[in-house]
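S.K.: The listed protein sequences correspond, in order, to chains G and X. Counting the first sequence from 1 gives a position; the numbering used here is that position plus 9. Counting the second sequence from 1 gives a position; the numbering used here is that position plus 3. Where a beta carbon is used, it is the ideal one built from N, C-alpha and C, also for glycine. Please read all numbers here as calculations on a predicted model, not as lab measurements. Right, I'll just put the structure down here and ask away after.
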Amino acid sequence: MDKLDYWGLMINDYKGGIFLPKRKRESSLTQIEKRIKEGRGQGYLHDYIPWLLIQDVPSSGRATRIRGWKTNRIHHVHSDLERSYYYILEWSDIVTDIREQFPLLPIEETLSIAEELNIKHPTDPKSTQPIVITTDFMISVGNREIARTIKPSSQLDSHRVIEKFEIERRYWAKRNIDWGIVTEVDIPKILIQNIEWVHKERHNEDVHHLGPYIVSGIEKIVLENLSDAHTSLASATSIADDKLGLEPGTSLAMVRHFIAAKRWKVNMSKPILPSQPLDEIIIENEQLRNSAMGG
Amino acid sequence: MSNAITPSNSIFRGLSVEAYYYDPQLEDYAGNPLLEALPPIWDEATAVRKMASRPRFNVNERNLPTHLRLHCVQRIARDYFQPLSTHIELEQRISRLIRDGYIGRNPLEPNYAIRARNDAHDLIAYGESSLYPINNPSSSGFAIVGISGIGKSSALNRVMSMYPQVIMHSKYKEHNLSLYQIVWMKMDCPQDGSIKGLCINFFQAIDQMLGTNYHKKHAGGRRSVDELLPIMAQIAAVHCLGVLIIDEIQNLSEAKSGGGLRMLNFFVQLVNTIGLPVVVVGTFKALPILDGEFRNARRGTGQGDLIWDRMKNDDEWDFFLQGLWKFQWTNNKAKFTDEIKETMYEESQGITDIAIKLFMLSQWRAIDTDKGCLTPSIIKSVAKDRLQLLQPALKALKSGDKSKIAKFGDVYASLSVMDYIDELEAKHIQEKRLEMIKSELGFDPNVLIIKQIANWLIDAGIEPAVANAAAEITVQEHQQALEDIDLNQLALKIALANSKVKTVSSPPKSTRERKRGIRTGEDLREITSLGQAKKLSGYESLKLAGYIKDPNEFLA
């Protein structure tokens with residue numbers, strides 16, 4: 010069984026069985042201890058477990074689980090905005106690890122910052138007990154760690170939001186970790202749509218099933234057809250499917266794989282639409298590039 | 004000369020302004036003076052702020068004699084408007100609709116006026132256009148359907164008054180342009196549902212706005228409806244009408260046989276010929292009429308109808324009532340308890356207009372009978388004897404029995420129309436928006452007051468950290484009389500006491516720092532409140548201070 014599923018079971022166990030309601034009333038401290046014991050907020054890459062999983066947070070309807078390129082584990086993102094930012098991090102060539110919902114532990118430290126600032130520490134609305142503050146993303150770039158929090162810009166006018174951020178900022182400042190806020194204002198929407206479109210094909214099983222020979226066959230035929238500026242990506246790939254006798258859609262998925270694996274470099278700031286031609290493709294492999302250009 | 008039809012004055016009027024051309028923000032809106040002269044496209048937060056309105060309120064008024072306090076209560080009906088998620092939806096739809104409608108109409112195009120005039124006329128008079136198949140209307144409009152009293156009309160009035168009604172163009176870039184652009188026109192469907200009445204109202208309204216003479220010219224003689232409709236279309240085209248809103252559309256069901264259908268046909272033609280979006284508004288009684296011709300016209304435009312149901316007893320209801328609850332002129336302020344919330348819902352059944360009226364009536368009774376403050380039992384008894392006429396309908400709603408509800412045509416939430424809305428999707432949007440509204444308007448009224456006082460202190464030269472703390476202490480200590488105007492002074496006293504060492508001894512430093520820029524400290528609270536004093540948004544201040552990060556920072 011996949012280890013991730015095993016986690017899933019573990020998490021359900023922690024709640025006392027799969028069929029129990031999502032959140033069981035527990036005293037705050039024992040809950041925090043339990044989570045730490047489970048390994049939440051600890052580890053790196055494949056072994057990291059977010060402090061907050063989707064199932065811990067009242068659904069806002071937009072939570073998503075995505076299998077990560079860099080970590081090969083399931084990432085839990087809680088909003089569209091978080092997901093967008095996550096995709097950019099995935100696309101980056103220098104980011105090595107992404108740890109979402111990173112806890113600011115020990116809780117005593119944020120409690121004392123709050124007290125010092127005369128700010129109310131965030132609490133669980135039901136139990137009114139203090140809760141562990143989390144930073145949305147801990148990002149590793151080389152051996153550097155960077156903390157980023159995601160928030161819609163409109164909420165930055167809220168006094169309360171700023172107060173909570175001030176706690177977060179001080180916590181990271183003490184650790185000399187660069188902390189900052191990312192809002193929807195600066196998010197490049199088209200880039201994200203494009204990454205989202207290719208994301209799940211990075212580890213495309215067909216690459217192994219079909220073998221390198223057929224895969225490069227697909228690549229050649231698609232590129233050849235795309236070199237005609239009037240041919241849409243969809244028709245170029247369906248020609249390839251036809252010629253090679255593949256199930257319809259195989260080649261299109263393969264193109265998404267090429268882009269995701271950066272085997273093809275394309276202009277990511279322009280919407281990639283199957284109904285449109287795809288130009289400005291840069292291929293690293295010179296031999297292939299020549300044949301694609303009809304050379 | 005008298006008309007058989009008395010014109011109604013049920014026309015909502017807006018402002019007239021001279022054209023100022025804004026950056027249209029989007030490429031497809033550029034180069035079209037009609038679009039560039041519109042106000043900027045607001046984000047949700049700005050729209051909420053622009054829509055919201057609160058009555059004047061001063062705690063000291065609680066000491067006024069009874070007869071004056073009764074007047075104070077009246078302010079609620081006049082000035083209270085709480086934007087809710089449906090209102091944001093409405094604002095956005097209208098915003099898209101108006102702009103979309105103008106895309107196909109650019110007065111800078113050669114022969115635009117002649118073309119518009121002739122085409123509109125011919126198409127409606129003869130059913131076909133003689134010249135060009137002009138604008139390809141991508142936009143058509145939609146219907147707003149909801150229980151009476153849920154606030155459809157007042158919300159529309161709010162939204163429309165965010166736009167000027169008439170924009171006078173004289174010069175656009177190097178083009179001379181002499182044009183009155185009517186951005187919107189909102190009128191009621193005549194009581195008898197007659198088309199002629201509608202046309203005459205329309206002419207009169209245009210004359211009032213522009214000083215033209217259409218009414219005298221066209222409505223005087225014995226012109227038939229067949230003649231009037233093309234003229235109306237022509238006028239709409241020539242004056243670049245942005246959106247036509249017809250309220251009380253359920254009156255069409257009173258029209259003589261065929262009349263209602265004909266008017267809807269006319270609206271459809273307006274949409275198709277001159278690309279003029281039409282919004283029709285009515286109670287559920289109008290549904291059967293709307294289901295025919297008009298629905299077909301709206302298909303495929305992506306703008307489904309807006310079904311405006313009564314509120315559910317949920318967070319948004321809570322939010323709505325809490326906002327209302329601040330305005331009490333009784334001797335004492337009644338706390339907002341769960342019991343009050345439930346009683347209000349029970350008695351108004353989530354119909355906002357009834358809730359507001361009930362709140363006012365109950366206050367009146369409490370003041371009048373020297374009861375001191377509002378209680379659930381006052382609310383209940385007021386509902387019982389003052390809302391008597393509504394009782395049968397409310398009872399039906401309470402029972403949840405569809406056959407009973409259906410008898411009250413206007414208070415009828417039909418389930419069959421819900422197929423327009425993916426209910427779940429709608430709910431998520433509502434939650435998200437409520438969150439935004441809360442943070443925008445300050446769900447906790449104290450937060451807003453603290454902010455105001457703190458800003459006042461900062462303006463007075465107090466260090467922001469001290470100012471914030473002082474404001475907070477003041478508000479906490481004077482919970483009971485928050486609306487009192489003296490809070491500023493109290494806070495100043497506390498602030499001065501606390502900052503004697505720091506500020507008063509070195510005031511020049513603090514002013515100098517303030518002038519130098521936003522970044523006086525690293526404290527985010529300080530940064531944002533300083534920014535606020537300079538009218539910067541939280542985002543802008545934090546960006547200047549370097550805390551807003553570029554999401555692309557890790558991309559090559």
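Using a Cβ-Cβ distance cut-off of 9 Å, determine whether X/Ala239 contacts chain G.
M.R.: Residue 239 of chain X sits at position 236 when you count from the first residue of the second sequence. For X/Ala239, the answer is no, since every Cβ of chain G falls outside 9 Å of its Cβ.
S.K.: Is it right to say G/Thr144 is buried, meaning 16 or more other beta carbons lie within 10 angstroms of its own, or is it exposed?
M.R.: Taking the first sequence and counting its residues from 1, the one referred to as residue 144 of chain G is at position 135. Answer is buried; the Cβ neighbour count reaches 16.
S.K.: Exposed or buried, X/Leu377, counting other C-beta atoms within 10 Å across all chains shown (16 or more means buried)?
M.R.: Translated into positions along the second sequence, residue 377 of chain X becomes position 374. Buried, by the Cβ-count rule.
S.K.: Just how far apart, CA to CA, sit X/Lys336 and X/Leu437?
M.R.: Position 333 of the second sequence, counted from the start, is the residue given in the question as residue 336 of chain X. Position 434 of the second sequence, counted from the start, is the residue given in the question as residue 437 of chain X. Between X/Lys336 and X/Leu437, the C-alpha separation is close to 26 Å.
S.K.: Does any residue of chain X have a CB that is nearer than 9 Å to the CB of G/Asp195?
M.R.: Numbered from 1 along the first sequence, position 186 holds the residue referred to as residue 195 of chain G. Yes, G/Asp195 lies at the interface with chain X (some Cβ there is under 9 Å from its Cβ).
S.K.: If you drop the 5 nearest sequence neighbours on each side, which residues of the same chain put their C-beta closer than 6 Å to that of X/Leu364?
M.R.: Stepping through the second sequence from its first residue, residue 364 of chain X is reached at position 361. Result list for X/Leu364: Val385 and Arg389, in chain order.
S.K.: Name the chain X residues whose beta carbon is nearer than 7 Å to that of G/Phe174?
M.R.: As a working note, residue 174 of chain G is residue 165 in the first sequence. Neighbours of G/Phe174 on chain X, chain order: Leu527.
S.K.: Quick check on the DSSP output: the alpha helix (DSSP H) that includes G/Lys198 runs from which residue to which?
M.R.: Here residue 198 of chain G corresponds to residue number 189 of the first sequence, with the count starting at 1. It spans Lys198 to His208 - the alpha helix (DSSP H) in which G/Lys198 sits, taken as one unbroken run.
S.K.: With a threshold of 7 Å on Cβ separation, who are the neighbours of X/Asp371 within its own chain once the five nearest residues in sequence on each side are excluded?
M.R.: What you label residue 371 of chain X is simply residue 368 of the second sequence in a count that begins at 1. Within the same chain, X/Asp371 has close Cβ partners Thr69.
S.K.: Run through DSSP, which three-state label would X/Asp82 get?
M.R.: For the purposes of this step, residue 82 of chain X is identified with residue 79 of the second sequence, where counting begins at 1. It is helical.
S.K.: With 8 Å as the C-beta to C-beta threshold (strictly closer), list the residues of the segment 133–166 of chain G near chain X in chain order.
M.R.: Ile148, Val150, Arg157, Pro161, Ser162, Ser163, Gln164, Leu165 and Asp166
S.K.: Considering Cα atoms alone, identify which of X/Leu37, X/Leu18 and X/Arg16 is closest to X/Tyr25.
M.R.: As a first step, residue 25 of chain X is located in the second sequence; it is residue number 22 there, counting from the start. Put simply, of X/Leu37, X/Leu18 and X/Arg16 the residue whose alpha carbon is nearest the alpha carbon of X/Tyr25 is X/Leu37.
S.K.: With G/Met147 and G/Arg108 assumed to form a contact (beta carbons below 8 Å), what rounded beta-carbon distance in angstroms separates them?
M.R.: In the first sequence, the residue the question calls residue 147 of chain G occupies position 138. In the first sequence, the residue the question calls residue 108 of chain G occupies position 99. With 8 Å as the limit, G/Met147 and G/Arg108 qualify as a contact, their Cβ atoms being about 4 Å apart.
S.K.: Count the CB pairs spanning the segment 533–545 of chain X and the segment 164–171 of chain G that are closer than 8 Å, and state whether there are at least three.
M.R.: Result yes; three or more Cβ-Cβ pairs closer than 8 Å.
S.K.: With distance defined between alpha-carbon atoms, name the residue in X/Ile238, X/Pro27, X/His74 and X/Ile79 nearest to X/Ala358.
M.R.: Your numbering for residue 358 of chain X matches position 355 in the second sequence. Here the closest residue by C-alpha is X/Ile79.
S.K.: Whole angstroms is fine: what's the gap from X/Lys505's alpha carbon to X/Gln85's?
M.R.: Position 502 of the second sequence, counting from 1, holds the residue named residue 505 of chain X. Position 82 of the second sequence, counting from 1, holds the residue named residue 85 of chain X. Only weak support is given to the placement of X/Lys505: the predicted model assigns it a pLDDT of 42, under 50, and the value that follows is read from those uncertain coordinates. Each residue's alpha carbon lies about 42 Å from the other.
S.K.: Please state the DSSP three-state secondary structure of X/Asn179.
M.R.: Sequence index remark: in the second sequence, residue 179 of chain X carries index 176 (1-based). Looking at X/Asn179 - three-state DSSP - the assignment turns out to be strand.
S.K.: Would you decide whether X/Pro291 is buried or exposed? Buried here means 16 or more other CB atoms lie within 10 Å of its CB.
M.R.: Here residue 291 of chain X refers to the residue found at position 288 when the second sequence is read from its first residue. Per the 10 Å Cβ criterion, exposed.
S.K.: For X/Leu73, which residues of its own chain have a beta-carbon under 7 Å away from its beta-carbon, when the five flanking residues on both sides are left out?
M.R.: Indexing the second sequence from 1 puts residue 73 of chain X at position 70. So the list reads Trp367 and Ile370, once near-sequence residues are dropped.
S.K.: Excluding five sequence neighbours on each side, which residues of the same chain lie with their C-beta closer than 7 Å to the C-beta of G/Asp2?
M.R.: What the structure shows of chain G is the stretch from 10 to 304, and residue 2 of chain G is not part of that stretch, so it cannot be assessed.
S.K.: Any beta carbon of chain X sitting closer than 9 Å to that of G/Ala182?
M.R.: In the first sequence, the residue the question calls residue 182 of chain G occupies position 173. By this cut-off, G/Ala182 is an interface position.
S.K.: Looking at C-alpha atoms only, which residue of X/Glu556, X/Gln394 and X/Glu47 is the closest neighbour of G/Gln164?
M.R.: The residue given as residue 164 of chain G occupies position 155 in the first sequence. The residue with the shortest Cα to Cα distance from G/Gln164 is X/Glu47.
S.K.: Just how far apart, CA to CA, sit X/Ala473 and X/Glu480?
M.R.: Here the question's residue 473 of chain X lines up with position 470 in the second sequence. Here the question's residue 480 of chain X lines up with position 477 in the second sequence. About 11 Å.
S.K.: Quick one: which chain G residues come within Cβ less than 9 Å of X/Ile452?
M.R.: As a position in the second sequence, residue 452 of chain X is number 449, starting the count at 1. Simply none; closest approach about 11 Å.
S.K.: For G/Glu118, which option in G/Ile142, G/Pro134, G/Gln110 and G/Gln138 has the closest C-alpha, if you only look at C-alpha atoms?
M.R.: Working through the first sequence from its first residue, we reach residue 118 of chain G at position 109. If we check each option's Cα against that of G/Glu118, G/Ile142 comes out closest.
S.K.: Which residues of chain B have a Cβ atom closer than 7 Å to the Cβ of G/Ile171, listed in chain order?
M.R.: Here chain B cannot be found, since the structure's protein chains are G and X.
S.K.: If I follow the unbroken beta strand (DSSP E) through G/Asp187, where does it start and stop?
M.R.: Residue 187 of chain G sits at position 178 when you count from the first residue of the first sequence. Per DSSP, G/Asp187 belongs to the beta strand (DSSP E) from Asp187 to Val191.
S.K.: Cβ of X/Gly200 within 9 Å of Cβ of X/Thr355?
M.R.: Your numbering for residue 200 of chain X matches position 197 in the second sequence. Your numbering for residue 355 of chain X matches position 352 in the second sequence. Not a contact, by the Cβ cut-off of 9 Å.
S.K.: Do you know whose CA, among X/Asp31, X/Leu87 and X/Lys176, lies nearest X/Lys53's CA?
M.R.: On the second sequence, position 50 is the one that residue 53 of chain X refers to. Ranking X/Asp31, X/Leu87 and X/Lys176 by Cα distance to X/Lys53 puts X/Leu87 first.
S.K.: Which class does G/Gly266 belong to by DSSP, given the choice of helix, strand or coil?
M.R.: Locating residue 266 of chain G in the first sequence gives position 257, where the first residue counts as 1. Residue identity differs from the one stated: residue 266 of chain G is His in this sequence, not Gly. Note: G/His266 maps to helix in three-state DSSP.
S.K.: Measuring alpha carbon to alpha carbon, tell me which residue in X/Ala222, X/Ala500, X/His218 and X/Gln95 is nearest X/Gly611.
M.R.: This structure cannot speak to residue 611 of chain X, because chain X is shown only from 4 to 559.
S.K.: Tell me which residues share the same chain as G/Ala243 and place their Cβ nearer than 8 Å to its Cβ, disregarding the 5 neighbours each side in the sequence.
M.R.: In the first sequence, counting from the first residue as 1, residue 243 of chain G sits at position 234. Only Leu261, Pro283 and Ser284 meet the Cβ criterion.
S.K.: Can you tell me which of the three DSSP states X/Phe362 falls into?
M.R.: Position 359 of the second sequence holds residue 362 of chain X. Looking at X/Phe362 - three-state DSSP - the assignment turns out to be helix.
S.K.: Out of X/Leu327, X/Tyr83 and X/Asn334, which one is the CA nearest neighbour of X/Ile343?
M.R.: Looking up residue 343 of chain X in the second sequence gives position 340. It is X/Leu327.
S.K.: Can you give the Cα-Cα distance for X/Ile248 and X/Lys338, rounded to whole angstroms?
M.R.: By 1-based counting over the second sequence, the position of residue 248 of chain X is 245. By 1-based counting over the second sequence, the position of residue 338 of chain X is 335. Straight-line Cα distance between these residues: approximately 41 Å.
S.K.: Can you tell me which residues form a DSSP beta bridge with X/His172?
M.R.: As a working note, residue 172 of chain X is residue 169 in the second sequence. DSSP lists X/Leu182 as partners of X/His172.
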